[in-house]
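Chemist: Anchor point for the sequence shown: position 239 equals 239 in full-length UniProt numbering, and the numbering is continuous, going up by one each time. Beta carbons are placed, not taken as given, at the ideal position from N, Cα and C, and that holds for glycine.
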Amino acid sequence: MGASLFPSAAIVGAFLFAINFLCIIPELAIAKQEPITRHYKFDIRLQNVTRLCHTKSIVTVNGKLPGPAIIVREGDRVVVEVVNHVKNNVSIHWHGIRQIQSGWADGPAYITQCPIQTGQTYVYNFTIVGQRGTLFWHAHISWLRATLYGPIIILPKHNALQTGAGPNVSDAFTINGLPGPLYNCSAKDTFKLKVKPGKTYLLRLINADMNDDLFFSIANHTLTIVEADAVYVKPFKTNILLIAPGQTTNVLLKTKHHHPNVTFLMAARPYFTGRGAFDNSTTAGILEYEHPSNSSSTKSKSLPLLKPTLPAINDTTFAANFSNKFHSLANAEFPARVPQTVQKHFFFTVGLGSSPCPKNQTCQGPNGTKFAATINNISFTLPTTALLQAYFFGKSNGVYTTDFPSSPLFPFNYTGNNPLNNTMVSNGTKLVVLPFNTSVEVVLQDTGILGAESHPLHLHGYNFFVVGQGFGNFDPNKDPANFNLVDPVERNTIGVPSGGWVAIRFHADNPGKDSIYIYGSGWQLVHLSWGLKMAWIVLDGKLPNQKLPPPPSDFPKC
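1. Would T309 be called buried (16 or more neighbouring beta carbons within 10 Å of its own) or exposed?
2. Let me know the secondary structure DSSP gives S281 once reduced to three states.
3. Do you know how far the Cα of T369 is from the Cα of I153?
4. Rounded to whole angstroms, how far is the Cβ of G468 from the Cβ of G500, which I believe are closer than 8 Å?
5. Given that a residue counts as buried once 16 or more other Cβ atoms are within 10 Å of its Cβ, and exposed if not, what is S553?
6. With a 10 Å radius around its C-beta and 16 neighbouring C-beta atoms as the bar for buried, classify D212 as buried or exposed.
7. Whose C-beta lies closer than 7 Å to the C-beta of K254 among residues of the same chain, with five residues either side of it excluded?
8. Along the beta strand (DSSP E) that carries S355, what are the first and last residues, could you check?
9. Can G285 and F136 be called in contact, C-beta distance under 8 Å?
10. Spatial neighbours of T163 within its chain, please: C-beta separation below 6 Å, excluding the five flanking residues on both sides.
11. Between C558 and P497, what straight-line distance do the alpha-carbon atoms span, to the nearest angstrom?
12. For A390, I'd like the list of residues in its chain whose CB is within less than 8 Å of its CB, leaving aside the five on either flank, ordered along the chain.
13. Check whether the Cβ atoms of L409 and N377 lie closer than 8 Å to each other.
14. Looking at the unbroken beta strand (DSSP E) that takes in Y400, where does it start and where does it end?
15. Assuming T381 contacts T429 (C-beta within less than 8 Å), just tell me the rounded distance between them.
16. Give the C-beta separation of P250 and R204 to the nearest angstrom, bearing in mind that I take them to be a contact with Cβ-Cβ under 8 Å.
17. Less than 8 Å between the CB atoms is what I'm expecting for F334 and Y232, so what's the real figure, rounded?
18. Taking C-beta to C-beta, are F506 and P488 nearer than 8 Å?
19. If you count every other CB in all the chains shown that lies within 10 Å of the CB of A3, and 16 or more means buried, which is it?
20. Hey, would you say K533 sits closer than 8 Å to D540, going by beta carbons?
21. Could you give the DSSP three-state label for W143: helix, strand or coil?
22. Count the other CB atoms, across all protein chains shown, that sit within 10 Å of the CB of V432; report buried if there are 16 or more and exposed otherwise.
23. Please report the distance separating the alpha-carbon of L329 from that of K234.
24. Suppose you measure from the CA of G495 to the CA of P292; what does that come to, to the nearest Å?
25. Report the three-state DSSP secondary structure of residue 573 (helix, strand or coil).
26. Name the one or two DSSP bridge partners that Q469 has.
27. Jot down the residue ranges of each uninterrupted beta strand (DSSP E) in the UniProt domain "Plastocyanin-like" (46–157), minimum 3 residues, whole runs only, in chain order.
28. Roughly how many angstroms lie between the CA atoms of A503 and L444, to the nearest whole one?
29. Taking 6 Å as the limit between beta carbons, can you name the residues of its chain near R77, skipping five residues before and five after?
30. To the nearest angstrom, report how far apart residue 561 and T282 are at their CA atoms.
31. With N321 as the anchor, note down where its alpha helix (DSSP H) starts and where it stops.
32. Report the three-state DSSP secondary structure of G177 (helix, strand or coil).
33. Expressed to the nearest angstrom, what Euclidean distance is found between the alpha-carbon atoms of F348 and M424?
34. Using 10 angstroms around the beta-carbon of S91, count the other beta-carbons present and answer buried if the total reaches 16, otherwise exposed.
35. If you draw a straight line from the C-alpha of L65 to the C-alpha of L52, how long is it?
36. Quick one: what's got a C-beta closer than 8 Å to residue 561's C-beta in the same chain, skipping five residues either side?
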């Protein structure tokens with residue numbers, strides 16, 4: 001199966017753009033003014049799904065692909081009971097939710113919780129604080145995210161602003177679970193978005209793709225981007241957008257004033273700069289104008305189909321220019337609270353390496369080694385107990401150490417050709433400890449070791465400000481002078497440019513453990529399994545609302 005997108009009906013639509021997937025979600029009608037508690041039940045079970053003329057048994061939530069939408073309003077409490085009916089261990093991550101004092105509900109297996117085992121139940125309980133827009137949820141263990149994912153739609157408070165060897169190559173990308181007409185045996189599995197002339201639609205795009213950044217466009221239509229990762233941005237128009245795995249984007253689509261007597265293809269295909277095999281295909285849906293009720297036109301009449309033009313698959317220039325168009329609103333109602341001074345600086349190199357091949361095995365890495373992925377040449381070793389649990393109960397011995405390096409131990413020409421002869425890495429479960437409310441700056445530097453590529457970065461439990469980015473090696477003496485500290489975009493996921501760097505800033509104001517996951521473009525989840533991640537421990541503050549509460553009574557056991 002492949003990728004995903006997602007829209008909602010009438011004047012408001014929601015595109016769920018996940019790897020190999022697009023969805024429609026109706027807008028939530030809510031009369032109450034005060035925040036309420038919204039209850040959901042997720043039954044994890046197998047379901048037969050047929051696509052591309054093949055039927056497969058897949059792991060689903062409530063038998064649906066994509067899974068059910070979590071639709072709430074800012075300030076609401078969310079309670080999700082997850083019951084595991086399959087043989088796989090399961091955990092659910094609420095991608096982009098801040099999890100203020102609810103770190104036990106964040107979801108990464110063996111990081112904030114032990115997974116939910118077969119026959120067990122766990123209730124995720126958290127409150128939506130200071131966020132509005134589009135996010136999504138997904139499994140956070142093994143490869144289950146391929147089919148366990150769905151949208152989170154956060155409506156603003158009433159009277160608020162409304163502007164609104166890598167893995168196997170996938171079989172197809174999808175829009176709302178449907179591959180579309182450009183694949184063999186898939187014409188009937190095509191998503192259609194029906195619109196009326198002269199209307200404005202809100203499309204919620206979610207890239208739930210496990211592997212690829214995706215270009216997206218609707219033929220002969222302009223989109224206005226108004227929100228990214230559940231944070232409003234200064235609106236700007238574009239014919240083509242690029243959305244990284246884990247990112248969400250809300251766009252406005254203004255339809256044409258009169259029925260155009262044509263239909264329009266909406267298409268998505270990958271942006272890829274790596275060296276491995278990947279799915280070089282295009283998923284598509286149809287934008288179709290409804291005929292007026294008094295029209296004499298035959299609705300079934302075959303209309304011409306216009307197709308969009310997408311950038312070249314490795315168009316890094318487009319990727320960089322598009323990313324630079326995002327800016328926070330930075331006004332009185334929605335200020336950009338960018339750290340103006342920094343207490344802790346980190347310089348992280350991200351990329352590939354190799355580790356020794358185990359005895360009696362055949363490995364396909366360089367010179368018979370195993371591929372590995374690293375931050376500062378350290379490949380993360382997943383523990384057998386949850387890091388947050390070990391930290392909270394003071395049982396870190398044998399689980400993790402707190403000596404993760406703040407910069408590479410051996411500097412080199414990071415983006416040069418063949419920068420290192422020795423590609424071997426070290427392994428460990430190494431963390432960084434941060435005092436509460438520390439102002440942090442992280443520069444993430446791509447490397448050319450075994451090939452440069454784009455790496456989407458996701459920070460759990462936090463938003464961050466993207467204050468700068470560029471190509472080549474980061475220059476600490478010159479580049480900070482060009483940082484945007486006025487209206488940088490605020491996100492939870494950003495792409496580290498292929499052969500370049502990105503700088504982010506945030507306040508460590510969420511006690512407990514937060515983790516930074518850096519996904520490799522094209523091989524995202526395999527890079528995670530190869531160790532491309534690290535974690536911080538954020539200490540408690542002095543006040544009661546600055547402390548991590550104990551875990552819930554039904555907390556899963558390893």
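Modeler: Here's the rundown:
1. exposed
2. coil
3. 44 Å
4. In fact, because the Cβ distance is near 11 Å, the residues do not count as touching under 8 Å.
5. exposed
6. buried
7. T200
8. 344–355
9. no
10. Residue confidence is low: T163 scores 29 on pLDDT, short of 50, so the model does not pin down where it sits. Its coordinate-derived value is still stated next. Around T163: V226.
11. 37 Å
12. P383, S396, V399, Y400
13. yes
14. Segment: none, Y400 is in no beta strand (DSSP E) and carries neither H nor E.
15. 5 Å
16. Inspection of the sequence shows that residue 250 is occupied by Asn rather than by Pro. The pair is a contact, with the Cβ atoms about 5 Å apart (cut-off 8 Å).
17. 6 Å
18. no
19. Its pLDDT being 44, under 50, A3 is placed unreliably in this model, and the coordinates cannot settle the point.
20. no
21. coil
22. buried
23. 5 Å
24. 43 Å
25. Outside the shown range of the chain (1 to 558) lies residue 573, about which nothing can therefore be said.
26. V502
27. 54–61, 70–73, 77–84, 92–95, 121–127, 133–139, 149–155
28. 6 Å
29. T37, T127
30. Nothing in the structure corresponds to residue 561, since the chain is present only between 1 and 558.
31. 316–323
32. coil
33. 17 Å
34. buried
35. 15 Å
36. The chain is shown only over 1 to 558; residue 561 falls outside these bounds and no answer can be derived.
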